[in-house]
Ligand code: ADP
Ligand code: MG
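Written out as structure tokens, the structure is:
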């Protein structure tokens, strides 16, 4: 291992490099642009571009790319080399300010949900100077936002940057009222914990479902799953360890603060967590983490599965989004403070989060919805589809005492006056942490635990930033015009608690009682992507996004379309894949097996009718019955795929895929899983769960 502090960030055009390589004035101008989120003037951009190019070439780069995040949820890049011809037939290496700040990928094939056809055919990419450029695979990568010519966002980064501006603006209004005039910028910070599976590459290549869908579409349960709980935090096996070491090193070079790694609950499952950073950079880094996991696994003859549910019967993978709000002066606004005054401020921000989560449960649910995550939510391994907030007993008691005007400490019986009473210190210990809550307060941040492992963290954080900005905006409106600041502050906190306490739940979110209880409380339980997505275009949500300039109405509708389309496509591909594997893989194996069995029976009978063939005959019977079932289920699934085309709207098509195609797939699967346990090993054409899960 090389010297870590020396390799850390050595492939990043970061502040240190900028300071070394840019003229002082240019460096200052660039820093100002970053701090104030202004456009960079072209003269400055030209100097920055040249410095960047020289640095990149010294590091072995030959190409550059605008690195962006279209609505596919993964990253996109189109590489251009630095070469430029000169008169004498030679080339020089060039990279201009114009090329740095703006690119025009021919982007007509990315999802746009109809935006590009109604507006402009092509999109452009624009440099995001708040996220450093870096070198990956001999290419200088410039993080960019991706928009249409008429300015509509076509990516995941643009709304995230807009939501950061919204929460910056509204938080600063509040902080100003509290007298923090020195705060120039408020950001949200995120540390996403990434779960993934590692399996052997050779076996992976024998499973078309893993190749096309990222998950197994069938597979009987192996004799051993995760019941012994012997994988979680177990010592890391040598092949996995070698992979992790290389992954850490490559991430460090890219300035990613990879920190914690361990085995997870399911066999073959692992987790990597970085140290938190600004949400925009955290989102970029999480994309890099996912990408490098895949490429480095490949080098080790492994495959990294990022799907939310690669295997039925064992845990799936998620991404815990640890989220907080911070000032540029280093204050975590979700950290209870030392003084009564700080605590009043903390309680106000806390109230804003509680109000926001209650009022926009639907948006939070949608922000983590995809076909893969539908397998996890509510399946006793991940939080249910019902959103609620965990505060812990101590904080809940404080909140209740505020609501009811009673003393916090029952012995003291003193009233807890906001802004006058010091809050007790909340122990930040992890022992009694509630692991079942979808949205848990963990001492100085919230942990949103519903995210799927494969998706960008952008959507969830756009929603979090925006809904909290909205709550803060309403509070600021009241406080700015209040005569008696302290009375108004108390009123706001009290009212928010009274009105939104239904969202607080400290019990077991996996239990059946909670499902019933939450229904009584009137909380939403949107069980699938298809049930959730229609809420995206409600008037309430359109108003929210428009007010804070996150999405225009056209952008909202385009995203609604893309979410439904993506759902339909995913299920469609899965259905075609399971049919193909069944028809061309499983059926021939059944036929071979039956042929051999019948041959044996025939031969036995030929020798003597007295020889017992009970075993073979009963197997022939069982397998024949199951194949008849298989045949029926294939037909049913085939027909439903055809019928799906006849639905009259996008939403109804998505519903049909959920309610009919998906269910038919599950039914076909259960027959296949049953057959797998009856058919001889040498006949079965695909690696089993046992082989896949214990392959490394
Ligand atoms: P755990 O016990 O779950 O490991 P940690 O406190 O170690 O909890 O943090 C888990 C994740 O939360 C890490 O990625 C960490 O960097 C992140 N985190 C810690 N503090 C903050 C914060 N203020 N804002 C955002 N993320 C944070
Ligand atoms: Mg966690």
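Residue numbers (our numbering): 1104 to 1799. Idealized CB from N, CA, C, for every residue including glycine.
For a test of your reading of the model: does the CB of residue i fall under 7 Å from any non-hydrogen atom of ligand 1? Yes or no.
i: residue 1639; result: no
i: residue 1377; result: yes
i: residue 1296; result: yes
i: residue 1366; result: no
i: residue 1456; result: no
i: residue 1685; result: no
i: residue 1293; result: yes
i: residue 1427; result: yes
i: residue 1156; result: no
i: residue 1435; result: yes
i: residue 1568; result: no
i: residue 1548; result: yes
Ligand 3 and residue i: does any heavy atom of the ligand fall closer than 7 Å to the residue's C-beta?
i: residue 1539; result: For ligand 3, the structure offers nothing, since it holds only ligand 1 and ligand 2.
Can you tell me where the beta strand (DSSP E) holding residue i begins and where it ends?
i: residue 1787; result: Taken as a continuous stretch (DSSP letters only), residue 1787 belongs to no beta strand (DSSP E), as it is neither H nor E.
i: residue 1194; result: 1194-1196
i: residue 1188; result: 1186-1188
i: residue 1245; result: 1242-1251
i: residue 1281; result: Taken as a continuous stretch (DSSP letters only), residue 1281 belongs to no beta strand (DSSP E), as it is neither H nor E.
i: residue 1168; result: 1166-1170
i: residue 1423; result: 1421-1430
i: residue 1239; result: 1237-1239
i: residue 1543; result: 1542-1544
Between which two residues does the alpha helix (DSSP H) containing residue i stretch?
i: residue 1289; result: Residue 1289 -> not in any alpha helix (DSSP H); beta strand (DSSP E) instead, spanning 1289-1303.
i: residue 1742; result: 1717-1747
i: residue 1648; result: 1642-1650
i: residue 1555; result: Premise fails: residue 1555 lies in the beta strand (DSSP E), 1549-1555, not in any alpha helix (DSSP H).
i: residue 1346; result: 1341-1356
i: residue 1122; result: 1118-1124
i: residue 1200; result: 1200-1204
i: residue 1227; result: Here residue 1227 belongs to no alpha helix (DSSP H); instead the beta strand (DSSP E) covers 1226-1230.
i: residue 1765; result: 1765-1779
i: residue 1600; result: 1588-1603
i: residue 1574; result: 1561-1583
i: residue 1653; result: Counting along the chain, residue 1653 falls outside any alpha helix (DSSP H), and DSSP gives it neither H nor E.
i: residue 1615; result: 1615-1623
When you compare the CB of residue i with every CB in chain C, is at least one pair closer than 8 Å?
i: residue 1771; result: Absent from the structure is chain C; it holds one protein chain and no more.
| query | Three or more beta-carbon pairs under 8 Å between the stretch 1311-1321 and the stretch 1768-1782, yes or no? | reply | yes
| task | Determine contact between the stretch 1652-1660 and the stretch 1486-1499, defined as no fewer than three beta-carbon pairs at a distance below 8 Å. | result | no
| task | Let me know the beta strand (DSSP E) ranges lying completely inside the stretch 1359-1419, each 3 residues or longer, listed in chain order. | result | 1361-1366, 1372-1377 and 1405-1408
| task | Assess, as a yes-or-no matter, whether the stretch 1409-1425 is touched by the stretch 1242-1262 under the definition of 3 or more beta carbon pairs within less than 8 Å. | result | no
| query | If you pair each beta-carbon of the stretch 1500-1507 with each one of the stretch 1661-1668, do three or more pairs fall below 8 Å? | reply | no
| request: Would you mind listing the alpha helix (DSSP H) stretches within the stretch 1435-1512 that are 4+ residues and don't spill past its ends, in chain order? | output: 1443-1462, 1464-1470 and 1495-1507
| query | So, do the stretch 1354-1365 and the stretch 1104-1115 have three or more beta carbon pairs nearer to each other than 8 Å? | reply | yes
| task | Flag this pair as touching only if the stretch 1232-1243 and the stretch 1162-1169 have three or more C-beta atom pairs under 8 Å; answer yes or no. | result | yes
| Meets three-Cβ-pair contact criterion under 8 Å: the stretch 1563-1572 and the stretch 1268-1284 | yes
| Below 8 Å, can you find three or more Cβ-Cβ pairs linking the stretch 1134-1153 to the stretch 1189-1203? | yes
| query | Should the stretch 1286-1304 be called in touch with the stretch 1421-1435, which here means at least 3 C-beta pairs below 8 Å? | reply | yes
| task | Determine, using beta-carbon pairs with one atom in the stretch 1454-1472 and one in the stretch 1300-1315, whether at least three such pairs fall under 8 Å. | result | no
| query | Is it true that the stretch 1449-1463 meets the stretch 1630-1637, where meeting means three or more beta-carbon pairs spaced less than 8 Å apart? | reply | no
| query | Three or more C-beta pairs closer than 8 Å, one from the stretch 1597-1610 and one from the stretch 1440-1449: is that the case here? | reply | no
| message | Can you confirm whether the stretch 1329-1344 touches the stretch 1363-1378 when touching is taken to mean that 3 or more C-beta pairs between the two stretches lie within less than 8 Å? | response | yes
| field | Three or more C-beta pairs below 8 Å linking the stretch 1727-1743 and the stretch 1709-1717 | value | no
| said: Measuring CB atoms only, is the stretch 1428-1443 touching the stretch 1553-1565, in the sense that at least three cross pairs come out at less than 8 Å? | reply: no
| said: For the structure I just gave you, are there three or more beta carbon pairs, one from the stretch 1751-1762 and one from the stretch 1778-1793, closer than 8 Å? | reply: no
| query | Touch check for the stretch 1693-1701 and the stretch 1722-1731: three-plus C-beta pairs under 8 Å? | reply | yes
| Enumerated in chain order, which unbroken segments of the alpha helix (DSSP H) with a length of 4 residues or greater are wholly contained in the stretch 1120-1163? | 1127-1139 and 1145-1161
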